[in-house]
Each structure stands twice: as structure tokens, then as C-alpha cells.
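Going by the working numbering, the first residue of the sequence shown is number 553, and it counts up by one from there.
Ideal Cβ placement from N, Cα and C applies to all residues, glycine included.
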Amino acid sequence: MIALEPIGVVRSEIGEGQPMPPLGVPAVVEIFPRFLDGLHRIQKHSHIWVLAWLDSAERDLLQVKPRGLKEAGDEGLHGVFAVRSPARPNPVGLTATRVLEIERLSIHVERLDFRDGTPVVDVKPYFVSRDMIFAASNVQIGKPLTPEAAREALVLQAVHFHGELCDDLDRAVNVMVRFREEVLRWTDPAGWAVTVPADRPCLADAFMGMLRVSPGRRNLVFGTPGKISFQQGADRYTYDI
Ligand SMILES: [Zn+2]
């Protein structure tokens, strides 16, 4: 038997039974007073991992169809260890988030996908040296339910790389949404290379974040002004920017 003692609780505008946006909402992690000393020097880190205990999750399922995806039928079925679904034998939730402010026992964070009152079992720093694996890849779990949800996820990935949302980042996201919708029909974008104008470095950062392409792997190429193009083999799709 393993005993876990909560070290705090999530405070969120999303309560029990309310729908949670896939990427979460701003929230506060309230640490219980007896754990105050454990927060010493946490200000050294811009981002933290929050581990929560998802009390109400089902614990006897080993395969699920993740929420928020279009896949129906067997195609949507995944083992619980292959997805982030709350349903799993030990319902530990794990989310990385940016710290906005720390007030004594309250850690204000940019977004968390845990509902109000969720017990927190641990907080750890997000280490860029160990946790950020830029060359990691995932095969898409399923098609997003709406283009808006997909756009929001792409903005987040671009901002995670670039550090802020600027005009060219926003333009790059719009082109990516069009390409994925019109050409890929929201199938997996792996294997596509992208060419961006050499004079617009923010566009390059956006695609490095959204597609994990890089000049070193030769799937991010610098080209002519005013054009973004995607290429795979003989296929090429070009957008004006
Ligand atoms: Zn920029």
C-alpha cells in the first residue's frame, strides 16, 4: 500500500462537473501551511510541474477514447498509458505550467486543467536542461474537435518556443491552420518540411515550435520574401504571408 498526502489544493474558476477547456484555465495552487518551507527558492523557475490526484476519475479502465477528439470507433481507442486521460489505475494528473506570481502559499499559474478543489500531491520545477526534449515527436492522437481548439494548441506551441505572441507568430499560426485544414484534413503533419522567408525570423520560430522542424534537420529552409511553403516529396503548397 502506498499512502499519499496532499500538499495543497487547486483553486480554479472551473468547478466540479463543469467542462474544462483542453488546455486549462488560469489557476492558483494553494500549498498547505505545513509545507511552506518546501517552497523556498521556487522563484528560480519560470515553469513548474503540478501533480494532482484526480479523485473522481475511473480507475478500472485500461483503454479509453480521449475526449476532445473527433475519432469515433476503434481508431480512437488508446491504452491509458498512451494518453493523458484522467482514467487510469492511479489517477495522477501531470501538467507543466508557467508561474505568474507567488504569494506566500499561493502559486498563481498561467493555466491548469485541474478543477477547483483537486488535491495536489506534488510540485516540481520544470527543468529546461532535462525536461525539454526538442527532437521528441508524437504521432497525432486524433483529429481535433474544432479548428478553434486546434488553433489554440498551435498558438501555445509557437509561444512556448518563441516566448511571446507577436504579429508574425499569429500569421504563421493562421497559415498552419489553413494548411492543416485544407491540405492535411487534420491528419498528422509529420514528414512535411517548411520554407519561410529569410527576413522574418519570428516565422521560423513559430514553425520550429508548431512542427518541431529545424535548419539542422533540413526540414526548416529559408526562402524568398512573402511566401511560406510546405513540401513533402514532389508535393508543394505555397501561401502568401
Ligand atoms: Zn516575434
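Count the other CB atoms, across all protein chains shown, that sit within 10 Å of the CB of S564; report buried if there are 16 or more and exposed otherwise. buried
For I594, which three-state DSSP category applies? helix
With DSSP as the reference, identify every bridge partner of A648, one or two as the case may be. W601
Once DSSP output is grouped into helix, strand and coil, what is the label at Q784? Correct three-state label for Q784: strand.
Measure from the C-beta of A750 to each C-beta in chain D and report whether the shortest distance is under 8 Å. Given the protein chain composition of this structure (a single chain), no chain D is represented.
Using DSSP with H/G/I as helix, E/B as strand and the rest coil, what is F774? In the structure shown, F774 sits in a strand (DSSP, three-state: E or B).
Beta carbon of H714: closer than 7 Å to some heavy atom of ligand 1? yes
Hey, could you find the ends of the alpha helix (DSSP H) D674 is sitting in? Note, D674: premise wrong, no alpha helix (DSSP H); beta strand (DSSP E) at P671 to P677.
Within 10 Å of its beta-carbon, does P573 have 16 or more other beta-carbons around it, so buried, or fewer, so exposed? exposed
When A710, R730, N726 and F731 are compared against C754, the one with the closest alpha-carbon: Proximity to C754 across A710, R730, N726 and F731 peaks at A710, based on C-alpha coordinates.
Count the other CB atoms, across all protein chains shown, that sit within 10 Å of the CB of L629; report buried if there are 16 or more and exposed otherwise. exposed
How many angstroms separate the CA atom of L763 from the CA atom of D607? 35 Å
Using alpha carbons as the reference points, say which of L772, D751, A756 and K695 lies closest to G625. K695
R611: which of G743, D787, G631 and L717 sits nearest, CA to CA? G631
Integer-rounded CB distance, given that L588 should sit under 8 Å from A657: At residue 657 the sequence reads Leu, which differs from the Ala that was named. With 8 Å as the limit, L657 and L588 qualify as a contact, their Cβ atoms being about 6 Å apart.
Please report the straight-line C-alpha distance between H599 and L664, rounded to a whole angstrom. 12 Å
Among G560, A579, G778 and T776, which residue has its Cα nearest to the Cα of H660? A579
Give me the residue from G761, D674 and L614 with the minimum Cα distance to E582. D674
Taking the straight line between their C-alpha atoms, what separation do you get for P643 and G576? 18 Å
Host beta strand (DSSP E) of S681 (start-end): Careful: S681 lies outside any beta strand (DSSP E), inside the alpha helix (DSSP H) at V680 to D683.
Identify, in the order they occur along the chain, each residue of the same chain with its Cβ nearer than 8 Å to the Cβ of I654, setting aside the five sequence neighbours on each side. L591, I594, Q595 and H660
Which residues in the same chain have their Cβ closer than 7 Å to the Cβ of P741, if we skip the five residues on either side of it in sequence? R732 and L763
Rounded to the nearest angstrom, how far is the Cβ of A604 from that of V672, given a contact under 8 Å? 5 Å between Cβ atoms; contact.
Based on the DSSP output, what are the partners of E582 in its beta bridges? Partner(s): V561 and S658.
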